[in-house]
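First the structure, in the form of structure tokens, and then the observations on it.
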Amino acid sequence: MAGDPDLATTEKMALACIRGGADLVELGVHFSDPIADGPEIQAAGQRALRAGTRPRDVLDLAARLRRGSDAPLLLMTYLNPVLAMGLTPFAERAAAAGVDGVIVPDLSLEESPEIRGVLDGAQIDLVQLVAPSTPDGRAAAIGAVSRGFVYVVARYGTTGTRSDLPEGLRSRLQALHHTASLPLAVGFGVSTPDHVRTLATSGADGIVVGSAIVRMAAEEADPEAVEAFVRELASGVRP
Amino acid sequence: MAEVASRGKFGPYGGQFVPETLMPALLELEAAYEDARADPRFEAELDDYNRHYGGRPTPLYFARRLTEACGGARIYLKREDLCHGGAHKFNNVMGQALLARRMGKPRMIAETGAGQHGVAAAMAGAVLGIPTEVYMGSVDVKRQALNVFRMRLLGTQVHAVDGGSQTLKDAINEALRDWVTNVTMTYYCIGSVVGPHPYPTIVRDFQSVIGREIKDQAREQMGRLPDLLVACVGGGSNSMGTFAPFLEDTAVELLGAEAGGEGIETGRHAATLVAGRPGVLHGARSYLLQDEDGQIADTFSVSAGLDYPGVGPQLAYLKDTKRASFTAVTDAQALEAFHTLATLEGILPALESAHAVFAAMQRAREMDRDQVVVATLSGRGDKDVQTVARSMGVEL
């Protein structure tokens, strides 16, 4: 979560993730009312908000990270901060900062065409999500318009660390591979190296670990610990 | 391929801005609602509950002494305070709970601000045998302790929400998170004309019984339609219910009274349509109180039920098209109207409704004596007696 507890710390943590072997970095742009997020990311967003972090500061941070690394950068935020900046200014600034993609969990397939058009114009990927409740036909429609990859929501519920993975993910991923040509990245409650190992052998092309790192970055704020944790996670994908 | 058209729009407002997990549930709800509306048995059962359980129709009451005190237009009160549970919230909840049962959902959740919707959801859950849980901001839990206890008496579990500003918006956030987690088994009974499509339409339709009755009663009692309808606006359910049947009757003016809190100029208020700008919150595009970066603002009002930084998307559209107008009534003005109605008419209104009463009195003074104003008295004030006592420096 960018700006939790401050932007300088976030920069160090993001670089530590990349050193640890992250193929891609997601920067959270906080929103006051994050309905898709569980307690860890809610609290992180509140801390970022209290620290006075602004969306434009997160774009500046992205630009600094881009100068130091080639790893793809994604922003994860809600629609209202994007609308408040203005769709086109947001797309232009994000492109100028070297942002590769955007994930907006409250942007449904139905409401996505306008923003996807603007982001396409700026060559920024709008990543769409598929949920456990999504019927096959609808998942195919989402896979057809998503950019970059398809974000597969692993479970019913909000983001947050969990001890186990839901059953049925493997068959879900296999079914999605039949309809989607894009890579599949799995997130929501993926927290441990064991989870990563299981998913890597279940058909996931990418694995998103959010809350566990957000919590670690805030509680320990130790880049070496974060780097070691990410390295351990990554070893599950590339043994 | 699934149908992907944007639905539930009122001009540029409304829509379905929710996590994908909820989209199939919204599509299921929309289909179930259309199916129910086409089934005369559903309508008949709702009507039966409205009459024999809810106490409908509620009276349209000519407030003689209030009218005399204002010296202008004749003021009538639509007595939703006499509805079962003490507020208009019953109308919506009974409809949605019957829909939940029809959909076979074994569990119902709701959010609440003042507690009136929570109490109504608890009643409907009890009478239909659907286990119900209610989310309520912890600030509201404190200031509406009576309603919290009423819900518990009705067998409903109340969850205090500590996140954010600990008021209605945070209760909705938490209810949405519950729904995202338990969506297959759970009916989310939203309490106002807010949220993603089809909720603004469903809630408006169930609340429209208010406006339909006003229309019939006005024709019967005065042989004509009112000149002005006034209702308070938080999320907007009693105002949309009052206004909806009159949208085509363009000679009838529509006025919404928002919570002016300590005054618009202080920034401490909840007057979304008066002072907000468009954005996306809780699944819909509408007017919002927000900062420059799109972070949702904290709101302030003496009345918990109006303490919300968003508003129903159809009301946003009625503002832009100028079919309705909106005014801000401050805490002090609402309290003044509360005392006026108590002493002149023997009615303790909910503080929410007192905002509408103040706006109605203000406008009636400027109107002719043969004109008619109808103010919707959305709820009764028993729940607010502690708050009013505190404002008077009285310890109960």
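Chains as they are written, first to last, in this note's numbering: chain A, 1 to 239; chain B, 240 to 635.
All C-beta atoms in this analysis are idealised placements derived from N, C-alpha and C, irrespective of residue type, glycine included.
Item: Can you list the alpha helix (DSSP H) stretches of 4 or more residues lying completely in the region 450–490 of chain B, in chain order?; Value: 476–482
Item: For residue 509 of chain B, decide whether its Cβ has a neighbour in chain A, counting only Cβ atoms nearer than 8 Å.; Value: no
Item: Looking only at its own chain, which residues have a Cβ that is under 6 Å from the Cβ of residue 378 of chain B, when we skip the five neighbours before and after it?; Value: 405 and 406
Item: For residue 19 of chain A, which residues from the same chain have a beta carbon less than 7 Å from its beta carbon, with the 5 sequence-adjacent residues on both sides left out?; Value: 227
Item: Assign residue 227 of chain A to one of three DSSP states: helix, strand, or coil.; Value: helix
Item: Classify residue 241 of chain B as helix, strand or coil using the three-state DSSP reduction.; Value: For residue 241 of chain B, the predicted model reports a pLDDT of 45, less than 50, meaning its position is unreliable and no value from the coordinates is stated.
Item: So that I know if they touch, is there some Cβ in chain B lying closer than 8 Å to that of residue 237 of chain A?; Value: no
Item: For the region 352–365 of chain B against the region 2–17 of chain A, do three or more pairs of beta-carbon atoms, one drawn from each stretch, fall closer than 8 Å, so that the two count as touching?; Value: no
Item: By Cβ distance below 8 Å, which residues in the same chain neighbour residue 241 of chain B in space, the five residues on each side in sequence not counted?; Value: Any reading at residue 241 of chain B must be qualified, since the residue scores a pLDDT of 45, below 50, and its modelled position is unreliable; no value is offered.
Item: Hey, does residue 264 of chain B have any beta-carbon neighbour from chain A nearer than 8 Å?; Value: yes
Item: Are residue 357 of chain B and residue 559 of chain B touching if we call contact CB-CB under 8 Å?; Value: no
Item: Look up residue 405 of chain B in the DSSP assignment and say whether it is helix, strand or coil.; Value: coil
Item: Return the CA-CA distance between residue 290 of chain B and residue 147 of chain A, expressed in angstroms with no decimal places.; Value: 54 Å
Item: Which of the three DSSP states is assigned to residue 269 of chain B in this structure?; Value: helix
Item: Determine the extent of the beta strand (DSSP E) in which residue 85 of chain A is found, giving its start and end residues.; Value: Not the beta strand (DSSP E): residue 85 of chain A falls in the alpha helix (DSSP H), residues 79–85.
Item: Going along chain B in order, which residues have a C-beta closer than 8 Å to the C-beta of residue 99 of chain A?; Value: In chain order: nothing, as chain B lies at least about 17 Å away.
Item: For a cutoff of 8 Å on Cβ pairs, would you count residue 346 of chain B as touching chain A?; Value: no
Item: Which first and last residues belong to the alpha helix (DSSP H) in which residue 197 of chain A is found?; Value: 193–200
Item: With burial defined as no fewer than 16 other Cβ atoms inside 10 Å of the residue's Cβ, what is the status of residue 155 of chain A: buried or exposed?; Value: buried
Item: So residue 134 of chain A contacts chain B; which residues on that side make the cut at Cβ distance below 7 Å?; Value: 259 and 263
Item: Establish whether the CB of residue 389 of chain B and some CB of chain A are separated by less than 8 Å.; Value: no
Item: Take residue 497 of chain B as the anchor and find which of B:628, B:597 and B:488 has the nearest alpha-carbon.; Value: B:597
Item: Cβ atoms of residue 617 of chain B and residue 327 of chain B: under 8 Å apart, would you say?; Value: yes
Item: So residue 55 of chain A contacts chain B; which residues on that side make the cut at Cβ distance below 7 Å?; Value: 532
Item: To be precise: take each residue of the region 180–198 of chain A, compare its Cβ to all Cβ atoms of chain B, and keep it if any distance is under 7 Å. Which residues remain?; Value: none
Item: So, are the CB atoms of residue 143 of chain A and residue 96 of chain A less than 8 Å apart?; Value: no
Item: Which runs of the alpha helix (DSSP H) spanning at least 4 residues fall entirely within the region 297–369 of chain B, listed in chain order?; Value: 303–309, 328–341 and 355–367
Item: Using 8 Å as the cut-off, can you tell me whether the region 223–237 of chain A makes contact with the region 8–17 of chain A, which would need three or more C-beta pairs spanning the two stretches below that distance?; Value: yes
Item: Between which residues of its own chain and residue 288 of chain B is the CB-CB distance below 7 Å, once the five residues before and five after are set aside?; Value: 333
Item: Report the rounded CA-to-CA distance for residue 480 of chain B versus residue 323 of chain B, giving the unit in angstroms.; Value: 17 Å
Item: At a Cβ cut of 9 Å, what residues of the region 72–86 of chain A count as close to chain B, listed as they run along the chain?; Value: 78, 79, 80, 81, 82, 83, 84 and 85
Item: Do the CB positions of residue 233 of chain A and residue 209 of chain A come within less than 8 Å of each other?; Value: yes
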